[in-house]
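All residue numbers for the sequence shown refer to UniProt numbering, where the first residue is 1 and numbers rise by one.
To start, the structure under review is shown below, and the notes come after it.
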Amino acid sequence: MVERIKNATTTYSARVAEHLKLKSLLKSLFVFGLAALLIFSQADGALAARGGGRIGGGSFRAPSRTYTSPSSRAPSGYGGGYGGGYYPGGGGFGFPFILPFVGFGGGSGLFGILIAIAIANFLIRTFRTSGVGEDGMGAYGDSSNPMVSVARLQIGLLAQARGLQTDLNRIANTADTGTSAGLTKVLQETTLSLLRNPEYWAYADVESDQTRLVSAEQAFNQLAIAERSKFTGETLSNVNAQISQAKPKAALNSSGELATDSGIPDAPGEYIVATILVAGQSKLSLPSINTANDLRDALKKIGAISSDQLMAVEVLWTPQVSGETLTADELIAEYPNLQLV
Numbered sequence: 001m002v003e004r005i006k007n008a009t010t011t012y013s014a015r016v017a018e019h020l021k022l023k024s025l026l027k028s029l030f031v032f033g034l035a036a037l038l039i040f041s042q043a044d045g046a047l048a049a050r051g052g053g054r055i056g057g058g059s060f061r062a063p064s065r066t067y068t069s070p071s072s073r074a075p076s077g078y079g080g081g082y083g084g085g086y087y088p089g090g091g092g093f094g095f096p097f098i099l100p101f102v103g104f105g106g107g108s109g110l111f112g113i114l115i116a117i118a119i120a121n122f123l124i125r126t127f128r129t130s131g132v133g134e135d136g137m138g139a140y141g142d143s144s145n146p147m148v149s150v151a152r153l154q155i156g157l158l159a160q161a162r163g164l165q166t167d168l169n170r171i172a173n174t175a176d177t178g179t180s181a182g183l184t185k186v187l188q189e190t191t192l193s194l195l196r197n198p199e200y201w202a203y204a205d206v207e208s209d210q211t212r213l214v215s216a217e218q219a220f221n222q223l224a225i226a227e228r229s230k231f232t233g234e235t236l237s238n239v240n241a242q243i244s245q246a247k248p249k250a251a252l253n254s255s256g257e258l259a260t261d262s263g264i265p266d267a268p269g270e271y272i273v274a275t276i277l278v279a280g281q282s283k284l285s286l287p288s289i290n291t292a293n294d295l296r297d298a299l300k301k302i303g304a305i306s307s308d309q310l311m312a313v314e315v316l317w318t319p320q321v322s323g324e325t326l327t328a329d330e331l332i333a334e335y336p337n338l339q340l341v
């Protein structure tokens with residue numbers, strides 16, 4: 001009898017312990033789920049307010065170049081074209097050119113004509129390839145489809161660089177993005193603004209490639225779309241002389257509270273990201289960015305692109321609204337390519 005009571009007591013205690021363990025586990029899961037819900041709901045609210053700014057424009061039309069052969073390299077009989085063909089007489093490479101070698105006598109006239117045609121073909125091929133520059137890009141050798149450099153330079157700045165947001169907003173509201181000169185000014189002012197704030201540089205990344213004109217626009221647009229898709233909306237835009245500005249949504253700071261333009265602490269671990277996209281006919285050799293000096297060199301090279309070489313430019317930055325910043329988690333999630341400088 002005592003043994004039965006003892007066994008029953010042991011069984012009951014085990015069941016109670018198991019019940020308490022299950023209850024504790026369920027309670028822990030509930031608390032974890034509630035915490036996750038609060039965290040992600042705040043993060044969604046903060047991300048929903050991350051608008052971006054955009055400035056840019058350009059054209060990928062082929063340059064209108066007319067090739068004129070120098071008189072010392074192409075005799076006038078070719079009329080300045082690539083495929084002038086062979087014309088006997090009239091100042092071209094006719095029989096007088098052959099006379100010192102074969103002459104007309106002895107039935108060698110046909111043979112002289114064949115030699116002249118061979119020489120003409122050789123010269124035509126030479127003229128067609130003579131425009132290839134020393135850099136190997138061939139911009140003049142194939143004027144209808146030249147080589148184009150497409151590059152992306154991205155910088156993560158500390159939140160204290162609020163002056164950059166102000167500068168970019170000013171540029172967006174005043175820039176003439178409908179002309180080549182205006183776009184060049186946008187590029188120069190943007191790079192200057194970044195160069196003047198080296199103490200706020202935290203992260204950076206660069207990507208550069210050379211491609212033919214026929215595929216340059218697609219490559220440029222792919223980079224632009226990839227960056228623009230990281231915004232929930234473009235709250236300020238000036239592209240191809242079309243300015244638009246949306247009313248920004250109320251922003252949440254990193255603690256989930258409503259942010260205002262004044263009295264916002266510059267919390268550590270908060271950032272602003274600026275991106276420059278360029279396409280130009282010049283060969284753009286940008287360094288790999290590992291240090292602040294590398295970033296400075298890249299900014300100077302991009303800012304030095306001349307108006308006659310610049311084909312397209314886009315400047316993108318987020319957040320656009322003063323008072324908003326990206327948290328460290330948002331920076332890592334949206335811009336994993338950035339490297340510490």
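All residues carry an ideal CB built from backbone N, CA and C; glycine is no exception.
These numbers come from a predicted model, not from an experiment.
Considering only the alpha carbon of each residue, which of the options lies closest to residue i?
| i | options | result |
| --- | --- | --- |
| Leu286 | Thr177, Ala298 and Gly53 | Ala298 |
| Pro146 | Asn169, Gly178, Thr211 and Ile305 | Thr211 |
| Leu326 | Gln309, Leu277, Leu236 and Phe231 | Phe231 |
| Thr275 | Lys301, Ala224, Ser288 and Ala292 | Ala224 |
| Ile289 | Gln154, Ala216, Phe111 and Ala120 | Gln154 |
| Ser149 | Val315, Gly57, Ala279 and Asp294 | Ala279 |
| Ala241 | Asn197, Thr190 and Gly182 | Gly182 |
| Leu194 | Ile124, Ser143, Ile272 and Ala118 | Ile272 |
| Asn197 | Leu164, Gly178, Ser144 and Glu334 | Leu164 |
| Lys247 | Asn238, Val239 and Gly233 | Gly233 |
| Ser143 | Leu114, Asp176, Gln218 and Leu213 | Leu213 |
| Ala175 | Gly56, Ala216 and Leu310 | Gly56 |
| Phe220 | Asn337, Val239, Ala312 and Thr318 | Ala312 |
| Tyr335 | Ser229, Glu314 and Leu310 | Ser229 |
| Phe60 | Ile113, Glu189 and Ser215 | Ser215 |
Bridge partners for residue i per DSSP, in chain order?
| i | result |
| --- | --- |
| Glu234 | Gly52 |
| Glu217 | None, per the DSSP bridge assignment. |
| Ala151 | Ser208 and Val278 |
| Gly57 | Val313 |
| Tyr200 | According to DSSP, which records beta bridges pairwise, Tyr200 is partnered with nothing at all. |
| Gln165 | Gln165 is not bridged to any residue. |
| Ile272 | Leu157 |
Could you give the first and the last residue of the continuous beta strand (DSSP E) run that contains residue i?
| i | result |
| --- | --- |
| Leu310 | Leu310 to Thr318 |
| Gln160 | No beta strand (DSSP E) contains Gln160, which DSSP labels as neither H nor E. |
| Gln281 | Neither: Gln281 is in no beta strand (DSSP E) and is coded neither H nor E. |
| Ile243 | Gln242 to Gln245 |
Enumerate in chain order the residues of its own chain whose CB-to-CB distance from residue i is below 6 Å, with the five nearest sequence positions on each side excluded.
| i | result |
| --- | --- |
| Ser72 | Its pLDDT being 45, under 50, Ser72 is placed unreliably in this model, and the coordinates cannot settle the point. |
| Gln320 | Gly51, Gly52, Gly53, Thr235 and Leu236 |
| Thr190 | Val315 |
Apart from the five residues on each side of it in sequence, which residues of its chain come closer than 8 Å, Cβ to Cβ, to residue i?
| i | result |
| --- | --- |
| Ile332 | none |
| Val341 | Trp201, Ala202, Tyr203, Ala204, Ile289, Asn290, Thr291, Ala292, Asp294 and Leu295 |
| Lys301 | Leu284, Ser285 and Leu286 |
| Ile305 | Thr184, Leu187, Val278, Gly280, Ser282 and Leu284 |
| Leu192 | Gly303 |
List the endpoints of the continuous alpha helix (DSSP H) containing residue i.
| i | result |
| --- | --- |
| Ala298 | Ala292 to Gly303 |
| Ser193 | Ser180 to Leu195 |
| Asp329 | Ala328 to Glu334 |
Note down, in chain order, each residue of its chain lying with its Cβ closer than 7 Å to the Cβ of residue i, except the 5 sequence neighbours on either side.
| i | result |
| --- | --- |
| Glu270 | Ala159, Ser254, Thr325, Leu326 and Thr327 |
| Asp261 | Residue confidence is low: Asp261 scores 45 on pLDDT, short of 50, so the model does not pin down where it sits. Its coordinate-derived value is still stated next. Once the five neighbours on either side are set aside, the close Cβ partners of Asp261 are Ser322 and Gly323. |
Discussion item. With three or more beta-carbon pairs closer than 8 Å as the criterion, would you say the segment 157-164 touches the segment 196-204?
Written reply: yes
Practice prompt. Say whether the segment 325-339 touches the segment 166-183, bearing in mind that this needs 3 or more beta-carbon pairs closer than 8 Å, one atom from each stretch.
Written response: no
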